[in-house]
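In this text, residue positions in the sequence shown follow full-length UniProt numbering: the first is 1, and each later residue adds one. All C-beta atoms in this analysis are idealised placements derived from N, C-alpha and C, irrespective of residue type, glycine included. Taking it in order: structure first as structure tokens, then the write-up.
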Amino acid sequence: MSCNDRCWILDVSWLYESVELLRWAPEEPFELFNFCPGAKISRTLRSNKPKVFESQLFEKFGRIYVSETCTPPSYIIQDLLLNCGAHISSTIRSADLMISSEKMTTELKQVVPRWLFDSIQYWEAKDLQEYFL
């Protein structure tokens with residue numbers, strides 16, 4: 001969640017520096033930007049528009065159905081999708097894309113949850129083909 005929820009992802013040395021200073025050290029020099037560039041991008045976008053920020057990261061994929069067999073659980077994946085501007089479908093029939101941990105018998109394009117996590121980590125929607133079931 002932290003990658004898209006205004007949180008800093010910091011190196012542990014930030015904590016040690018804070019202890020030495022006897023106050024919280026500035027976060028910026030300790031940010032692990034290379035590990036999760038999406039966190040900084042999302043935080044910056046949300047800071048610039050704090051009242052009405054709406055992510056559009058997954059808008060172009062239409063309605064996304066999350067299978068109940070997903071790992072992690074579907075409610076976690078749905079929450080991440082909603083926070084990133086996706087439209088959730090409650091049924092397979094009305095969906096344009098499915099996220100699932102297991103291949104299901106359907107004509108619908110199916111991707112593994114890793115697609116979602118990688119897209120959030122880098123704050124860019126990754127190519128579906130690399131994640132098809």
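Integer Cβ distance of residue i from residue j, believed to fall under 8 Å
i       : j       : result
Ala-86  : Phe-61  : 7 Å
Leu-128 : Lys-103 : About 15 Å separates the two Cβ atoms, so there is no contact after all.
Where the alpha helix (DSSP H) containing residue i begins and where it ends
i       : result
Arg-114 : 114-122
Ile-99  : Looking at the DSSP string, Ile-99 is not in any alpha helix (DSSP H); the run it does join, the beta strand (DSSP E), is 97-99.
Bridge-paired residues (DSSP) for residue i
i       : result
Arg-28  : Note that residue 28 is Glu in the sequence shown, not Arg. BP columns for Glu-28 are empty, so no partner.
Leu-10  : Glu-31
Phe-132 : Val-111
Element boundaries [beta strand (DSSP E), containing residue i]
i      : result
Ser-89 : 87-89
Ile-92 : Note, Ile-92: premise wrong, no beta strand (DSSP E); not H, not E.
Arg-23 : That residue, Arg-23, is in no beta strand (DSSP E); it is neither H nor E in DSSP.
Helix, strand or coil at residue i [DSSP, three-state]
i       : result
Val-111 : strand
Ser-2   : Summary for Ser-2: the model assigns pLDDT 45, below 50, so the residue's position carries little reliability; its value from the coordinates is reported in the next sentence. Ser-2: helix per DSSP, three-state reduction.
Cβ-based burial, residue i [other Cβ within 10 Å; buried from 16]
i      : result
Met-1  : Because the pLDDT of Met-1 is 43, which lies under 50, any placement of that residue in the model is unreliable, and the number read from its coordinates should be weighed accordingly. Under this definition Met-1 is an exposed residue.
Pro-29 : exposed
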